[in-house]
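A.B. asks: Structure in structure tokens, see below.
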Amino acid sequence: MARAAAPQGGTAEGLSLPCVLPSKRAVRGWGDQLFRLLLRSAASALLAIVTAMVVVMVRAATPAIKAFGWRFLITSTWDPVTEHFGALPLIYGTIVSSALALLLAVPLGIGAAVFLAELAPLWIRPPVAFLIELLAAVPSVIYGLWGIFSLVPWLRQYVQPALGATLGFLPLFQGPPYGVGMLTAGIILAVMIVPFIIAMSREVLLAVPNTQREAALALGATRWEATRIAVLRYGRSGLIGAVLLGLGRALGETMAVTMVIGNRPEISASLFAPGYTMASMIANEFTEATSDLYLSALVEVGLLLFVVTVAVNGLARLLVWSVGGAVHEVRE
Amino acid sequence: MRGQRRRVVNVMMNWLTALSAAVVVLPLILILVFLVYQGASAVNLDFFMNLPKPVGEPGGGMANAIVGSVILVGLAACLGLPIGILGGVYLAESRDRCLPWVIRFLADVMNGVPSIVIGIFAYTIIVLPMRRFSAVAGAFALAVIMIPIVLRTSEEMVRLVPASLHEAALALGIPQWKVVLRVVLPTARAGIITGVMVAVARIAGETAPLLFTAFGNRFWQLGLNQPIAALPLQIFAYAIAPYDDWHRQAWAGALVLIALIFLTSLTARIATKGRFGGVR
Amino acid sequence: MADGILVRQLHAWFGQVHVLHGIDLAIAPLAVTAIIGPSGCGKSTFIRCLNRMHEVVPGGRASGQVLLNGEDLYDPTVDPVQIRRGIGMVFQKPNPFPTMSVFENVAAGLRLGGVRNRGVLQGTVEQALRQAALWDEVKDQLGKSGASLSGGQQQRLCIARALAVRPGVLLMDEPCSALDPIATAKIEELIQELKRDLTIVIVTHNMQQAARVSGSTGFFLLGELVEFGETGMIFTNPHDKRTEDYITGRFG
Chain U
66 MARAAAPQGG
76 TAEGLSLPCV
86 LPSKRAVRGW
96 GDQLFRLLLR
106 SAASALLAIV
116 TAMVVVMVRA
126 ATPAIKAFGW
136 RFLITSTWDP
146 VTEHFGALPL
156 IYGTIVSSAL
166 ALLLAVPLGI
176 GAAVFLAELA
186 PLWIRPPVAF
196 LIELLAAVPS
206 VIYGLWGIFS
216 LVPWLRQYVQ
226 PALGATLGFL
236 PLFQGPPYGV
246 GMLTAGIILA
256 VMIVPFIIAM
266 SREVLLAVPN
276 TQREAALALG
286 ATRWEATRIA
296 VLRYGRSGLI
306 GAVLLGLGRA
316 LGETMAVTMV
326 IGNRPEISAS
336 LFAPGYTMAS
346 MIANEFTEAT
356 SDLYLSALVE
366 VGLLLFVVTV
376 AVNGLARLLV
386 WSVGGAVHEV
396 RE
Chain F
348 MRGQRRRVVN
358 VMMNWLTALS
368 AAVVVLPLIL
378 ILVFLVYQGA
388 SAVNLDFFMN
398 LPKPVGEPGG
408 GMANAIVGSV
418 ILVGLAACLG
428 LPIGILGGVY
438 LAESRDRCLP
448 WVIRFLADVM
458 NGVPSIVIGI
468 FAYTIIVLPM
478 RRFSAVAGAF
488 ALAVIMIPIV
498 LRTSEEMVRL
508 VPASLHEAAL
518 ALGIPQWKVV
528 LRVVLPTARA
538 GIITGVMVAV
548 ARIAGETAPL
558 LFTAFGNRFW
568 QLGLNQPIAA
578 LPLQIFAYAI
588 APYDDWHRQA
598 WAGALVLIAL
608 IFLTSLTARI
618 ATKGRFGGVR
Chain X
107 MADGILVRQL
117 HAWFGQVHVL
127 HGIDLAIAPL
137 AVTAIIGPSG
147 CGKSTFIRCL
157 NRMHEVVPGG
167 RASGQVLLNG
177 EDLYDPTVDP
187 VQIRRGIGMV
197 FQKPNPFPTM
207 SVFENVAAGL
217 RLGGVRNRGV
227 LQGTVEQALR
237 QAALWDEVKD
247 QLGKSGASLS
257 GGQQQRLCIA
267 RALAVRPGVL
277 LMDEPCSALD
287 PIATAKIEEL
297 IQELKRDLTI
307 VIVTHNMQQA
317 ARVSGSTGFF
327 LLGELVEFGE
337 TGMIFTNPHD
347 KRTEDYITGR
357 FG
């Protein structure tokens, strides 16, 4: 640390203060400056990438936006021949498959998280937690493979006929049991997002201070009651955040859904019917797009998907952060 | 009476939540068993050594897909790791006011973006100008996916290095950049490598962003400005085709892919467990 | 009504570590008993054994007898959950439920017990808050979150919450260590009032506090009960040298 030598005592001009503080510029050598520049550039690269992504995609989607306007969102014809593109079946398919996935995954996921964080005997926790982490690492295409050759036949031969026989009065379960369709997509999505819901919920629950549990137990609560009134209530917003994160994943899931949803851009009341999601439409059609407008429409679908997932994820993170401060982000 | 009912509810909830956990774990076990069963029979030397053969000809393999995946991941790492790690160091060390917050926010945003959207980005920015599909485009897409992951884990790992270490080095008069390079990074090295391996395992399995960037290839085409085969792409292509032989090969490919991914993830986990008391 | 506690040969472990060695102690009903000792002497563990909270901690185990009005709490047929209705506990750091209002916090124990009647709940909550000397301060804010009160008020809220289920015994684990002197004084005053209706056991690291509030005092050291007796005697004329050393500040 450089200290400028200073004359003690007064001079002819009066008081001369010893200069104790090194000037800011003197401390930073050129090595530091270069380093700083390097780091800042690396970080800014991300900023550049994201900006570029948004700009480029908006520009590519503009022809479609100009051609269809906001009616794009509510038209249900997707006809490459006449170049009429309406994304409604895709939006519908995405929402329904994701909603179904949440319906299945949330109770199971939060239940399993409660089990792992609160109720399970200690020796069970590490192996089960480990298994669930493995589940999270399995790539989408492999889930899809299992979906095609294991899930679809099973649904087609046993589950769908059974559902049709018992609950067939509901329009949800009518129609021929194809095996592929909205129900299958929902199930496979549920299987895929449940590990994330469990992992994040578990973090939220573990972040609840132990004193809360003790307070409930000391009042004479059973283990479950203590979990219910002290832990689940306390971690409420964090749990909702975990669910929303799961939703975010489900919305963007591509491969496994493409392989089991039947790929037909139609809206149907039945869960047995084939459908389409935004992501799987892009996956299937992008290389087939014969015209510029077609491609532009697909990019517009991508843009839509981007906006929705960013919004859902943003909200989710806000909620997760509100419980116990910074909750670890799960290695995705 | 009431106490009895509460006891019953308690036991019931214990079982219900345990059941949830079991139901969740079940698909994993099913999938793995199925994978091993179907894939083991199809995995043979041909698979690792040969190119895909036309339908009907036996002995086809996925050699080019395996090599292609390695090339893509390697290339993506070349692009993504420097940005990710240096960016992570920046986030952990910088005293700037605005930029770190923005970068962190963007990284979190990007972590949630569907990989197919990133594929669209790579398509518009590389494939269109180049007028062809290429390994470069695929690697770029994978790199974009990789950067936010590596960024956040690197930041975390660098933060874990005790501040006292940092300060002691600074107090000795060593310039900031040397402190980071010679003291902080080596200490955080194990953790950063773990984060890198996790990111690699993640992008190795990605299919969607490669669909219209790397595109896939049935031949030994390893040039970077040509379409290139990749293991997940090949698995997908074979899975949706109507030929049984190809289905079997798809299973073999899946087995190989998941073995590689699990191996990478496991090594990463084991490496951090000791040092940072990682997983709870 | 008169809930005395008789402790016989109480041992406690954390995993393999033996933390309480054969404690024998008699806690007088309708009086305040203080437990003092240096950090790590086992006083918190002891008090948590009285309402079987010790075994909630992973690796926590206890053996021996704790007789509440003649009934052994550690008898294998006894349900620990039931015990805790008769013995209340207040913790070192006030821990009201933040997602519940003041009213709901106090009513929590009652609701667990199945009380639904709005009138009964309101009556009991008011009574508990009065007993805890908090009613006047919160009567217009019963709907506010439990966490919005000051530290001292939060602790009295926790006391009210414990009192609402009408236990015979109240255990207090260093209840004032997180509070300022004024809040502490209020709680000490409260303890004097409460001892007319309840048996109170208080763990404290503050010897002056023990001298002020209690009738009997027990001195713990390294998991053993070194000495137990009338408070005045312990502080002015202890029998055991170790007690004397602690009192005069030679350690701890």
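Protein chains in written order, with this note's numbering: chain U, 66 to 397; chain F, 348 to 627; chain X, 107 to 358.
Positions of the beta carbon are idealized from the N, C-alpha and C atoms, including for glycine.
Note that the structure is predicted; figures quoted are calculated from it, not measured.
If you count every other CB in all the chains shown that lies within 10 Å of the CB of residue 629 of chain F, and 16 or more means buried, which is it?
C.D. replies: An answer regarding residue 629 of chain F cannot be provided, because it is not within the stretch 348 to 627 covered by chain F.
A.B. asks: What are the boundary residues of the beta strand (DSSP E) that residue 124 of chain X is part of?
C.D. replies: 123 to 133
A.B. asks: Pull up the DSSP beta-bridge partners for residue 114 of chain X, would you.
C.D. replies: X:171
A.B. asks: Could you pull the DSSP bridge partners for residue 140 of chain X from this structure?
C.D. replies: X:308 and X:323
A.B. asks: Would you identify the three-state DSSP class for residue 592 of chain F, choosing helix, strand or coil?
C.D. replies: helix
A.B. asks: Hey, residue 111 of chain U and residue 485 of chain F are a contact pair by Cβ (cut 8 angstroms); roughly how many whole angstroms apart?
C.D. replies: With a Cβ gap of about 20 angstroms, residue 111 of chain U and residue 485 of chain F do not count as contacting.
A.B. asks: Please state the DSSP three-state secondary structure of residue 472 of chain F.
C.D. replies: helix
A.B. asks: 7 angstroms is my cut-off, CB to CB: does residue 140 of chain U come that close to chain F?
C.D. replies: no
A.B. asks: Mapping DSSP to helix, strand and coil, what is residue 336 of chain X?
C.D. replies: strand
A.B. asks: Short check: CB of residue 488 of chain F to CB of residue 465 of chain F, under 7 angstroms?
C.D. replies: yes
A.B. asks: Comparing alpha-carbon positions, which option in F:490, F:577 and F:517 lies nearest residue 426 of chain F?
C.D. replies: F:490
A.B. asks: If contact means a Cβ-Cβ distance below 8 angstroms, which residues of the segment 468 to 499 of chain F contact chain U?
C.D. replies: 468, 470, 471, 472, 491, 494, 495, 496, 498 and 499
A.B. asks: Return the CA-CA distance between residue 237 of chain X and residue 265 of chain U, expressed in angstroms with no decimal places.
C.D. replies: 42 angstroms
A.B. asks: Measure the alpha-carbon distance for residue 614 of chain F versus residue 416 of chain F and round it to whole angstroms.
C.D. replies: One C-alpha to the other measures close to 20 angstroms.
A.B. asks: In this structure, does DSSP put residue 567 of chain F in helix, strand or coil?
C.D. replies: coil
A.B. asks: What's the call for residue 468 of chain F, buried or exposed, on a 16-neighbour Cβ count within 10 Å?
C.D. replies: buried
A.B. asks: Please report whether the beta-carbon of residue 329 of chain X lies at a distance below 7 angstroms from any beta-carbon of chain U.
C.D. replies: Cβ-Cβ to chain U under 7 angstroms: no for residue 329 of chain X.
A.B. asks: At a Cβ threshold of 7 angstroms, is residue 278 of chain X touching chain U?
C.D. replies: no
A.B. asks: Which term fits residue 225 of chain U, buried or exposed, when burial requires 16 or more other beta carbons within 10 angstroms of its beta carbon?
C.D. replies: Counting Cβ neighbours within 10 Å, residue 225 of chain U comes out buried, since at least 16 surround it.
A.B. asks: For the segment 182 to 210 of chain X, which residues have a CB atom closer than 8 angstroms to at least one CB atom of chain F, in sequence order?
C.D. replies: 185, 187 and 188
A.B. asks: On the criterion of 16 or more Cβ atoms from any shown chain inside 10 Å, does residue 581 of chain F qualify as buried, or is it exposed?
C.D. replies: Residue environment for residue 581 of chain F: buried (at least 16 other C-beta atoms within 10 angstroms of its C-beta).
A.B. asks: Can you pull the DSSP bridge partners for residue 196 of chain X?
C.D. replies: X:278
A.B. asks: Of all the beta strand (DSSP E) runs that stay within the bounds of the segment 133 to 189 of chain U, which reach a length of 3 or more residues?
C.D. replies: Within the segment 133 to 189 of chain U, no complete beta strand (DSSP E) run reaches 3 residues.
A.B. asks: Output, in sequence order along the chain, the residues in the segment 391 to 422 of chain F whose CB is closer than 9 angstroms to any CB in chain U.
C.D. replies: none
A.B. asks: Short of 8 angstroms in beta carbon distance, which residues of its chain neighbour residue 359 of chain U, apart from the five on each side in sequence? Order them along the chain.
C.D. replies: Sequence-distant partners of residue 359 of chain U (beyond 5 residues in either direction) whose C-beta falls short of 8 angstroms from its own C-beta, in its chain, are 145, 148, 150 and 350.
A.B. asks: Taking the alpha-carbon of residue 257 of chain X as reference, which of X:248, X:283, X:279 and X:233 has the nearest alpha-carbon?
C.D. replies: X:283
A.B. asks: Report yes or no: is there a C-beta of chain X within less than 7 angstroms of the C-beta of residue 127 of chain U?
C.D. replies: no
A.B. asks: Could you have a look at residue 343 of chain X and say whether DSSP puts it in helix, strand or coil?
C.D. replies: coil
A.B. asks: Is it buried or exposed, residue 87 of chain U, if we count other Cβ atoms within 10 angstroms and call 16 or more buried?
C.D. replies: Legend: pLDDT at residue 87 of chain U = 49, less than 50; position of this residue unreliable, no value from coordinates given.
A.B. asks: Would you kindly report the start and end of the unbroken alpha helix (DSSP H) that includes residue 211 of chain X?
C.D. replies: 208 to 218
A.B. asks: Of the residues F:380, F:494, F:460 and F:526, which one's Cα is nearest the Cα of residue 100 of chain U?
C.D. replies: F:526
A.B. asks: Mind reading off the beta-carbon distance from residue 413 of chain F to residue 530 of chain F? Whole number of angstroms is fine, and I expect it under 8 angstroms.
C.D. replies: Wrong, their Cβ atoms sit about 39 angstroms apart, outside the cutoff.
A.B. asks: Does DSSP classify residue 243 of chain X as helix, strand or coil?
C.D. replies: helix
A.B. asks: Closest by CA to residue 174 of chain X, which one among X:189, X:197, X:315 and X:324?
C.D. replies: X:189
A.B. asks: When you check each C-beta in the segment 285 to 306 of chain U against every C-beta of chain X, which residues fall closer than 8 angstroms?
C.D. replies: Close to chain X, meaning a Cβ-Cβ distance shorter than 8 angstroms, are the following residues of the segment 285 to 306 of chain U: 285, 286, 287, 290, 294, 295, 298, 299 and 301.
A.B. asks: Measuring alpha carbon to alpha carbon, tell me which of X:344, X:342, X:140 and X:333 ends up nearest residue 130 of chain X.
C.D. replies: X:333
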